[in-house]
Structure formats: C-alpha cells, structure tokens
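Numbered continuously in this note's numbering, the sequence shown closes out at residue 510.
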Amino acid sequence: LLEHFGGDFPLWLAPKQVIILPISDKYLSYANELENKLFENDIRVSVDGRSEKMGAKIRDAEINKIPIMLIVGEKEENDGSASVRRRHTGDLGSTSVDKLIPEIVEEIINRRRA
C-alpha cells in the first residue's frame with residue numbers, strides 16, 4: 397500500500413486524517429475542543445500547537461501528507477466553525493463544525509478518494 401500511494405493515503409487510510417492549526421496560542425483551547433469532538437467521532441486528529449507562522453504549519457502538514465487541515469482563529473471560534481483546507485484541492489472556506497464532522501465521517505465510511 398505504501399508504494400502504491402507513495403505515502404499519500406486517501407482520507408480513510410491516512411494515519412493522521414485531520415490536523416487542526418490554530419492561528420495563535422489564544423485559540424489553542426478552541427482547537428483542543430474541536431480535536432475532542434473529532435476524536436469522539438473516531439477521526440484520527442491532532443492539534444499543531446507550535447508557535448510557528450501559519451504558512452510553516454500548513455507546509456509541514458502538506459509535507460506530512462495530512463488530507464485535511466482545519467484552521468481556527470477568532471472568527472471560527474465565534475462561529476463554531478473551521479476554515480477547511482484539503483491537501484489536493486486547497487482552501488475550501490469556512491464550514492460549521494456540526495456540518496463538517498458528519499461530512500468527514502461519511503467520506504471515511506464510504507472510502508471516497510477526494
């Protein structure tokens with residue numbers, strides 16, 4: 397499998413399916429709250445809590461071939477949303493967490509290639 401996908405696994409097979417990228421330390425608690433919600437839905441997720449620039453965090457997530465990046469800041473915290481970025485399609489805009497989680501779960505269950 398590793399040779400077939402070259403380490404670029406589809407969402408359902410990826411060791412880490414989602415990474416949450418808070419834009420600053422102020423939004424780390426919201427990122428952790430979101431991480432718990434995703435984890436409760438059997439989504440393999442982690443938070444990048446490093447004090448790095450957002451570009452560096454995104455680049456590292458892409459190098460590590462993580463299929464979905466969720467970027468969170470003040471607007472997302474206030475709206476209960478996350479800005480979604482997919483590895484191959486780029487920025488998809490902001491989406492409600494209540495809408496996003498079922499979409500990710502459905503994609504994993506159906507094993508769709510995004």
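Note that beta-carbon positions come from the ideal geometry of N, C-alpha and C, so glycine has one too. Note that the structure is a prediction, hence the values are computed from the model and not measured.
- Judged by pairs of C-beta atoms under 8 Å, the region 463 to 479 touches the region 415 to 432, as three or more such pairs exist.
- Counting only residues of its own chain and dropping the five nearest sequence neighbours on each side, S477 has a CB closer than 7 Å to the CB of S490, T491, S492 and V493.
- The Cβ neighbour count for R481, taken over all protein chains shown within 10 Å, is at least 16; the residue is labelled buried.
- Rounded to the nearest whole angstrom, the C-alpha separation of I454 and E448 is 10 Å.
- A residue is called buried when at least 16 other Cβ atoms come within 10 angstroms of its Cβ; A410 meets this threshold and is buried.
- DSSP, read as helix, strand or coil, puts G486 in strand.
- Excluding its 5 nearest sequence neighbours in each direction, M450 has C-beta neighbours in its own chain below 8 Å: L417, I419 and I467, listed in chain order.
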